[in-house]
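Q: I have a structure I would like to understand better, so I am pasting it below and will then ask my questions one at a time.
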Amino acid sequence: MSLEIQKRKDGMLKSKWWYGRFAVNGTRKVVNLGVEIKGRVPATLREIGDPRFERSRAQAQVKLDELIREARSHKAAEKHLQDLYELKAGEALHNEPLTSLERIWDDLPTKKTRSERWIITQHNALKAFQGFITQQYPQVETMPQVNRSIALAWMRSLDEKGFGAETYNHKLILLRSVFNPSENTGVLRNPFDGIPPKRKMTVHREPFTEEELEEVIKHCDDLFRPIFITG
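Add 3 to a position in the sequence shown, counting from 1, and you land on the number used in our numbering.
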């Protein structure tokens with residue numbers, strides 16, 4: 004594991020963020036640590052920079068260490084659950100990649116035929132989720148790696164984008180159905196279970212009073228006054 008700074012060929016910074024390099028399941032990963040590079044950047048990381056640079060380096064190292072601990076802890080828990088399942092089922096789990104989400108949804112049983120428009124809408128929602136994972140959690144590549152904190156972060160991002168209750172809840176139901184535990188996907192715990200739906204706002208409307216109705220009628224023209232009174 005190591006810290007990295009991305010530079011262009013001319014030596015200038017390509018990104019203002021610290022990156023961390025480490026391995027998960029034998030695969031090397033390079034992750035944006037979300038820590039900004041500050042101060043005077045030395046020619047190489049083997050050299051010592053000014054105090055501001057060294058403080059940002061220390062913050063990035065802490066972030067990288069946390070990320071590695073989380074990855075190892077998640078991997079150990081995953082391995083334990085997988086061993087339990089394989090012991091009971093007598094067969095190995097298949098860890099489905101996130102790129103299969105649309106196909107998995109397509110294969111889910113349905114009571115009625117899905118329209119082409121509905122299929123496109125659901126596929127786009129699943130692709131958006133995959134894009135979020137790729138950007139925010141590049142080390143996550145399979146469905147079993149999606150944990151509850153990731154699921155909550157995704158739903159929080161939808162809320163911050165201003166999605167209404169109906170759309171928000173549809174997206175929650177979609178992912179909950181796709182991540183239903185199955186030996187075909189390797190998912191042992193549904194990360195979206197228990198996430199509450201967004202409550203719909205109820206607007207209470209009160210009828211016009213007699214005085215208000217009279218005021219409205221006064222301002223109606225000759226064409227609409229009879230229609231309004233009849234209504």
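Backbone N, C-alpha and C fix where the C-beta goes; we use that ideal spot for every residue, glycine too. Since we're looking at a predicted model, the values are computed, not measured.
Please tell me whether residue 36 has its Cβ less than 9 Å away from any Cβ of chain D.
A: Chain labels in this structure do not include chain D; a single protein chain is all it has.
Q: Would DSSP call residue 182 helix, strand or coil?
A: coil
Q: Taking DSSP as the reference, what is the three-state secondary structure of residue 35?
A: strand
Q: Measuring from the CB of residue 100, is there a heavy atom of the ligand ADP at a distance below 8 Å?
A: Among the components modelled here there is no ligand, and therefore nothing to report on the ligand ADP.
Q: Should residue 74 go down as buried or exposed, given a rule of 16 or more other Cβ atoms within 10 Å for buried?
A: buried
Q: I'd like the list of long-range same chain contacts for residue 58, defined as Cβ closer than 6 Å, with 5 residues on each side in sequence excluded.
A: none
Q: Roughly how many whole angstroms lie between the Cα atoms of residue 107 and residue 61?
A: 42 Å
Q: In the structure shown, what three-state DSSP assignment does residue 94 receive?
A: Any reading at residue 94 must be qualified, since the residue scores a pLDDT of 49, below 50, and its modelled position is unreliable; the value itself is stated next. Here residue 94 sits in coil by DSSP.
Q: How about residue 105 and residue 126: are their beta carbons less than 9 Å apart?
A: The Cβ-Cβ distance between residue 105 and residue 126 falls below 9 Å.
Q: Pull up the distance between the alpha-carbon of residue 56 and that of residue 40, whole angstroms please.
A: 7 Å
Q: Give a yes or no on whether the C-beta atoms belonging to residue 103 and residue 135 are separated by under 9 Å.
A: no
Q: Out of curiosity, what's the CA-to-CA distance linking residue 54 and residue 110?
A: Distance from the CA of residue 54 to the CA of residue 110, rounded to the nearest whole angstrom, comes to 56 Å.
Q: Please classify residue 16: does DSSP put it in a helix, a strand, or coil?
A: Three-state result, residue 16: strand.
Q: Buried or exposed: which applies to residue 194, given that a residue is buried once 16 or more other Cβ atoms fall within 10 Å of its Cβ?
A: buried
Q: Following the continuous alpha helix (DSSP H) through residue 7, name the residue where it begins and the one where it ends.
A: Where residue 7 is concerned, there is no enclosing alpha helix (DSSP H), although the beta strand (DSSP E) it sits in stretches over 5-7.
Q: Within 10 Å of its beta-carbon, does residue 137 have 16 or more other beta-carbons around it, so buried, or fewer, so exposed?
A: Counting Cβ neighbours within 10 Å, residue 137 comes out exposed, since fewer than 16 surround it.
Q: For residue 5, which residues in the same chain have their Cβ closer than 6 Å to its Cβ, ignoring the five residues on either side in sequence?
A: 24
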